[in-house]
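Enquirer:
Protein chains: 2
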Amino acid sequence: MRDEDKPAIRDLPLFRAVTTQTFDGLMASTYAQSFPPQLELFRQGDRADFLHILVEGAVELHAEWNGRDAVMAVVRPVSSFILAACLRDQPALMSARTLERSRILMLPAVDLRAAIRRDPELAAAVMGELARGYRGMVRQVKNLKLRGTRERLAAWLLTQSRREGGAASFVLPVEKRHLASYLGMTAESLSRTFAALKKEGIALDGARVIITDRAALAQAAGQDPLIDEMDASEDPGEVMLPSLGRPRGG
Amino acid sequence: MRDEDKPAIRDLPLFRAVTTQTFDGLMASTYAQSFPPQLELFRQGDRADFLHILVEGAVELHAEWNGRDAVMAVVRPVSSFILAACLRDQPALMSARTLERSRILMLPAVDLRAAIRRDPELAAAVMGELARGYRGMVRQVKNLKLRGTRERLAAWLLTQSRREGGAASFVLPVEKRHLASYLGMTAESLSRTFAALKKEGIALDGARVIITDRAALAQAAGQDPLIDEMDASEDPGEVMLPSLGRPRGG
DNA sequence: CGAAGGTTTGAGAGGCCTCAATTCATGTGG
DNA sequence: CCACATGAATTGAGGCCTCTCAAACCTTCG
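Order-wise, the sequence lines are chains Y and U. Counting in this note's numbering, the first sequence runs from 1 upward without gaps. Counting in this note's numbering, the second sequence runs from 1001 upward without gaps.
(1) Select from the segment 207-227 of chain Y all residues with a C-beta closer than 9 Å to any C-beta belonging to chain U, and list them in chain order.
(2) Since Arg-43 (chain Y) is in the beta strand (DSSP E), which residue starts that stretch and which ends it?
(3) Among Y:Pro-225, Y:Asp-231, Y:Met-230, whose alpha-carbon lies nearest the alpha-carbon of Asp-1046 (chain U)?
(4) Return the bridge partner residues of Ala-1073 (chain U) from the DSSP annotation.
(5) Do Ala-1070 (chain U) and Lys-145 (chain Y) have their beta-carbon atoms positioned less than 9 Å apart in this structure?
(6) Given this structure, state the Cα-to-Cα distance separating Ala-1195 (chain U) from Ala-1203 (chain U), to the nearest angstrom.
(7) Compute the Euclidean distance between the alpha carbons of Gly-985 (chain U) and Thr-1149 (chain U), then round it to the nearest angstrom.
(8) Report yes or no: is there a C-beta of chain Y within less than 9 Å of the C-beta of Leu-942 (chain U)?
(9) Report the residue from U:Tyr-1031, U:Arg-1214, U:Ala-1017, U:Leu-1014 whose alpha carbon sits nearest the alpha carbon of Asp-1003 (chain U).
(10) Give the range of the beta strand (DSSP E) segment to which Phe-50 (chain Y) is assigned.
(11) Roughly how many angstroms separate the alpha carbons of His-231 (chain Y) and Arg-152 (chain Y), rounded to a whole number?
(12) Between Trp-1065 (chain U) and chain Y, is any beta-carbon pair separated by less than 9 Å?
(13) Tell me which residues share the same chain as Pro-77 (chain Y) and place their Cβ nearer than 6 Å to its Cβ, disregarding the 5 neighbours each side in the sequence.
(14) To the nearest angstrom, how far is it from the Cα of Val-171 (chain Y) to the Cα of Asp-228 (chain Y)?
(15) Expressed to the nearest angstrom, what Euclidean distance is found between the alpha-carbon atoms of Val-1018 (chain U) and Asp-89 (chain Y)?
(16) Should Pro-1091 (chain U) be flagged as near chain Y, meaning a C-beta pair shorter than 9 Å?
(17) Would you say Gln-1038 (chain U) reaches chain Y, if we count a Cβ-Cβ gap shorter than 9 Å as a contact?
(18) Looking at the secondary structure, which residues open and close the beta strand (DSSP E) in which Phe-1081 (chain U) lies?
(19) Considering only the alpha carbon of each residue, which of U:Leu-1087, U:Cys-1086, U:His-1052, U:Asn-1066 lies closest to Ala-1075 (chain U)?
(20) Extract the residue ranges of the alpha helix (DSSP H) inside the segment 1001-1044 of chain U, only unbroken runs of 4 or more that lie entirely within it.
(21) State the Cα-Cα distance for the pair Arg-177 (chain Y) and Arg-1208 (chain U), rounded to the nearest angstrom.
(22) So what's Val-1126 (chain U) in DSSP terms, helix, strand or just coil?
(23) Hey, out of Y:Ser-189, Y:Ala-154, Y:Phe-81, whose CA is closest to Ala-218 (chain Y)'s CA?
Below, the structure is given as C-alpha cells:
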C-alpha cells in the first residue's frame, strides 16, 4: 500500500485508538488494489475473507433477489465495509461493485480477528462500529416502514444538505436511479416524487437540488432524530447510511 | 435476582465464555423486576441506561413516527435487548413494551461497559452479538425492499415452521396485527394475504397455521438463505428477527 | 455525430391502504 | 352459565400510491 494512505486509515474510527504495533501489523498483511468502475468486488453469498477499506473512489453495496436489485448503501472514502461478515466468518449478505475507479485496501479477515483478540482498543473500536452500523440499519427499517416515498425523499434531501454543511444547493452524489433504489422506489417514482416536492420547497436543475424553502421541506419530511441522522455523533458522513464504515477524509 | 435464573443468563451468548469473576460482578449490580402486560418499559428517545435481559414473558420492540407505529421485533426469553444503545450511551431508537407479564433483569449500562473493558471474552461476545444483530437488520431491509407482502408472509411462515422444529402446523406466537406490522403491512392486508396463500399450500384455523404443501409455499416465498435465517448459525431463535439478543431457554 | 444509457413523462394496471361494517374470540359481571 | 362488552379478525368497497411498460428527451462519451 502507498504510505500516503496510512494517515487516513490510521484516522479511521476502527484504528484511531489502536497501538502502533497492532496497526503496523495489520497494515503489513494488508494489500491495496485498484479497480475500474462498474466492477463487481464480491457477490452476496461469497465468503467474506477480507475487510475492505475504500481509500479512493466509490463503492455501492446492493442486494439481489429473484431478479430484483436494491441499493443498500453507497460507501465513500475512507470507509471500511463488510465488517460484520468478516467477524462472523460468514457469507456476505450484500454484493459490492465500484461506481468509480477505486482503490481498496484488503485486510485478511483472519488477521483482523487475530488482532482484535490481541488489542482491546481495536476490539472496542470494532464494537463501536458495529453498534453504530446496527443503529443505522434500525433507522433504515423505520424509514421504510413508517414513511412514504415523499417523506423519505424529503428527509434524505435535508440530511444530504446537512452533510454538505447545510448548503441550500448541492449536486446529487449518485445517479438518480441509484438514489431511487436506495430509497426503496423505482426511478420513475423518484422522478415524480421530485416533481411533487417542487411544491414543498425544492427546485431541480439536472442533478442539482436547490432547497428554496427549508421549513416547508422539513414539514413535508417530518424529520425525526430517531430516524434521520441529524447530529454528527452517529453520522460519520456516508453518502447513504448504514454500511459499516466511516467517511471523512478521502 | 433469583438464583434459578442464573444458569439461563450464564448460557446467553453474551456471557457464556466470560470469566466467573466478570459474570458474578455483573450480576451483583443487576436487579430483576417484574412487569405486568402492556407496560411501556421505555420509549424511543429515552437514554438507554440499562441493558435489559428478558427472563420470562415477551417484549415487543416497536417504533413510532407521526402517529404511525411499526413492530420492529418481538423478544422472547432468554434474550437481551437494546445492547447497541447501551454501548453507545445514546437514546434508544425503539420503544419496548411487555406483551405478557414479564420478568426482566436490568444491567446498568455503565457496569456493562466497564466489564467489557476488563474482560476480552465479554468484548468478543458483545462483538458477536452486534455483528449478528447487524446482519439481521440487513436481512430485514432486503426483505422489505425486495419482496412483496405475499412473499414476506410465505417466507416468515416457513421460517417459523423451521423454528418450531419443522412442524407442519403451529400456532402464531403473536397476534396477527402484530405480525402484520412486523411484516410491514396492515392487519387487513395480512388477512387477505393469508387468504391468498391458501392456494399456495397453507390452511388456517384461527391462530393455527397448517402447511399443507411445503414445496408450493417455498415456491411462493422464494426462500433465500441470504434473506431468511435458514440455518441455526445466525438464528438464535427469536420469534421475529433482529433484536439484539438470543432466545432459547425460557 | 451517433450510440448508449439515464431521466422524464404518459398511460394503465395492480397492490396495498383506508374506512366501515360484520363476525369472531375473550373475558367480565350479573 | 349466560349476557354483554371489548377488542381482534375478517370482509367489502373504494381510492390512492407505486409499479410496469413504453416512448420521448436529454446527457455523456467515444
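Note that beta-carbon positions come from the ideal geometry of N, C-alpha and C, so glycine has one too.
Expert: Concretely, from the data shown:
(1) Flagged, chain order: Gly-222, Asp-224, Pro-225, Leu-226, Ile-227.
(2) Where Arg-43 (chain Y) is concerned, there is no enclosing beta strand (DSSP E), given that its DSSP letter is neither H nor E.
(3) The shortest C-alpha to C-alpha distance from Asp-1046 (chain U) to any of Y:Pro-225, Y:Asp-231, Y:Met-230 is the one to Y:Pro-225.
(4) Ala-1073 (chain U) is bridged to U:Leu-1061.
(5) Yes. Within cutoff.
(6) A direct Cα-to-Cα measurement between Ala-1195 (chain U) and Ala-1203 (chain U) gives close to 9 Å.
(7) Limits of chain U in this structure are 1001 at one end and 1250 at the other, which puts residue 985 (chain U) out of reach.
(8) With chain U represented from 1001 up to 1250, any question about residue 942 (chain U) goes unanswered, as that position is not in the structure.
(9) Of U:Tyr-1031, U:Arg-1214, U:Ala-1017, U:Leu-1014, the residue nearest in Cα terms is U:Tyr-1031.
(10) Where Phe-50 (chain Y) is concerned, the enclosing beta strand (DSSP E) stretches over 50-56.
(11) The amino acid occupying residue 231 (chain Y) in the given sequence is Asp; His does not appear at that position. When rounded, the distance between both Cα atoms is 18 Å.
(12) It does: the Cβ of Trp-1065 (chain U) has a partner Cβ on chain Y nearer than 9 Å.
(13) So the list reads Leu-54, Val-55, Glu-56, Gly-250, once near-sequence residues are dropped.
(14) Between Val-171 (chain Y) and Asp-228 (chain Y), the alpha-carbon positions lie close to 20 Å from each other.
(15) Our two residues, Val-1018 (chain U) and Asp-89 (chain Y), have alpha carbons roughly 21 Å apart in a direct line.
(16) Cβ-Cβ to chain Y under 9 Å: yes for Pro-1091 (chain U).
(17) Interface flag for Gln-1038 (chain U) against chain Y is unset, since no Cβ pair is found closer than 9 Å.
(18) Phe-1081 (chain U) -> beta strand (DSSP E) spans 1079-1081.
(19) Residue identity differs from the one stated: residue 1075 (chain U) is Val in this sequence, not Ala. Comparing Cα positions, the closest option is U:His-1052.
(20) You should have 1006-1010, 1020-1029.
(21) Straight across, the Cα-Cα distance linking Arg-177 (chain Y) with Arg-1208 (chain U) is about 42 Å.
(22) For Val-1126 (chain U), the secondary structure class from DSSP, reduced to helix, strand or coil, is helix.
(23) Selected option, being the one with the closest Cα: Y:Ala-154.
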